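Basically our numbering = 1-based index in the sequence shown + 112. Before any comments, here is the structure.
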Amino acid sequence: MNRPLSDDLLDWYDRHARALPWRVPPGWDIRPDPYGVWLSEVMLQQTTVAAVKGYWERFRTRWPTVEALAAAEDAEVMAEWAGLGYYARARNLLACARAVAARGGFPQTEAELRALPGIGPYTAAAVAAIAFRERAAVVDGNVERVMSRVFDIATPLPAARSEIRARADLLTPTERAGDYAQAVMDLGATICTPRSPACVVCPWREPCLARARGVQAERPVKPAKKVVPQRRGMAYVGRREDGAWLLETRKSERMLGGMLGWPGSAWDRGEEEAPPPAPGDWVALNAEARHGFSHFGLTLRVLVARLPQGTEPQRGQFVPVEAFHPDRLPTAMRRVLEVARTSPLIADSEPIVHET
Ligand code: SF4
């Protein structure tokens, strides 16, 4: 009988597994904490391991259990998430933590995990396999690439997904399903990389059909590139004479909902104009702030004003300088601040003291 492909990969994983803070190393007979596994998998969606490590450690320190996270204030969690992007994940994270805490802990099967708010097929399978050792086929972008190459799947994505899933399912072993899931992810992240895969050191170089046919660089076959739509808007960066910043908590139904940001137009609904959030001499800057979201690019005109003490804002509220943490703003809003800071009206200065 032929040796299963999963055995070759697991042998390789036993020697080359990446050491990651949320992982139990191969061969250790202890189960990882499902809370830590789930948190890492949510954070890792569309985000690199290098970017996630610090966030994962800060979340685990601040909220050591899923119950602690469930009891956190929304605004605290959103602020801690700032900079990690894809903020809907943070809202889903909280909804899921609260559902898990309410039911007394994480369910242990892929099907039950899938029923939790904000948990998709990938996360459900990953948590079931890694934390609970259920035989579940885990398919993310790395796994798609590896399967497309090993089986030389020439159908373009996304049509190829059903075949990729079926292949991935067939290869998943009954024993060590969690290690196997992490092994394929590691193979895709470190050896079978999107560009220049290191086939000479790959544990699957012999059975890999794309390598044998010399087409590994052409797999998976990507769909034709779509033109990314562009949106425009405006953002107001107001600063009071005592240094306080005029900010608002974005409405929950809007993009970056629940995050702190600069008042401005509803660019997520395509609106380019909005009245100033407070009376003042607003000055439009020459430079614009740009940010790429997953499904559109955004360019914001930036207007700045130094606002007198006693200004009554019509939108937002003044945040004292000592309570303002730019690193807790989402990236698009930090870009606006970078542009605004080029203006002397906004630059840090000693509070203005009026003569009496
Ligand atoms: S042999 Fe090359 S293309 Fe095939 S799975 Fe390994 S690294 Fe990827």
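Here a beta-carbon is modelled for each residue, glycine too, at the ideal position from N, C-alpha and C. What you are looking at is a predicted structure, and each value in this text was computed from that prediction instead of being measured.
7 Å Cβ shell around residue i - same chain, five flanking residues per side excluded
| i | result |
| --- | --- |
| S260 | A272, I276, R331, P332 |
| E467 | Unreliable positioning characterises E467 in this predicted model, as indicated by a pLDDT of 38, which lies under 50. The coordinate reading is nonetheless provided below. Hits under 7 Å: none found. |
| A202 | V189, M190, W193 |
| M155 | V164, Y167, W168, L196 |
Residue i and residue j closer than 9 Å at C-beta
| i | j | result |
| --- | --- | --- |
| P146 | V239 | yes |
| N204 | P233 | no |
| G195 | R446 | yes |
| R418 | I458 | yes |
| L372 | F430 | no |
| E246 | A280 | no |
| L206 | V161 | no |
| A209 | L181 | yes |
| A322 | S308 | no |
| A399 | P425 | no |
Bounding residues of the beta strand (DSSP E) (the contiguous stretch that carries residue i)
| i | result |
| --- | --- |
| M346 | 342 to 352 |
| L156 | Segment 146 to 156 is the alpha helix (DSSP H) holding L156; no beta strand (DSSP E) there. |
| L419 | 409 to 419 |
| E400 | 395 to 404 |
8 Å CB neighbourhood of residue i in its chain, flanking five on each side removed
| i | result |
| --- | --- |
| G404 | V340, L410 |
| I464 | In this prediction, I464 scores a pLDDT of 41, lower than 50, which makes its location untrustworthy; the coordinate-derived value is nonetheless stated afterwards. E353, D354. |
| L121 | Y292, A295, V296, L299, P315, W316 |
| T221 | A240, F244, E246 |
Same chain, Cβ closer than 6 Å to residue i, neighbours up to 5 away in sequence not counted
| i | result |
| --- | --- |
| S364 | G370 |
| A401 | L412, V414, R447, V448, V451 |
| E384 | R344, G345, S377 |
| W150 | V239 |
| N218 | Note on residue identity: the sequence assigns Phe, not Asn, to residue 218. Correct list, in chain order: P146, V212. |
| I469 | Outside the displayed span of the chain (113 to 468) sits residue 469, for which this structure offers no information. |
| Q158 | Y198 |
| S118 | L283, P285, Y292 |
Where the alpha helix (DSSP H) through residue i begins and ends
| i | result |
| --- | --- |
| A182 | 178 to 182 |
| W124 | 117 to 128 |
| R307 | From DSSP, R307 is part of no alpha helix (DSSP H); its letter is neither H nor E. |
| R426 | A quick correction: the sequence has Gln, not Arg, at residue 426. Here Q426 belongs to no alpha helix (DSSP H), and DSSP marks it neither H nor E. |
| L205 | 200 to 215 |
| W193 | 186 to 193 |
| T235 | 233 to 244 |
Backbone secondary structure at residue i - three-state DSSP
| i | result |
| --- | --- |
| E169 | helix |
| V333 | coil |
| I464 | Note that I464 scores 41 on pLDDT, short of 50, meaning its location in the model is unreliable; the coordinates nonetheless yield the value given after this. Looking at I464 - three-state DSSP - the assignment turns out to be coil, as it is neither helix nor strand. |
| R447 | helix |
| W316 | coil |
| G370 | coil |
| T361 | strand |
| G376 | strand |
| L457 | coil |
| M113 | In this prediction, M113 has a pLDDT of 47, which is less than 50 and means its spatial position is unreliable; nothing more can be read from the coordinates. |
| G253 | helix |
| Q294 | helix |
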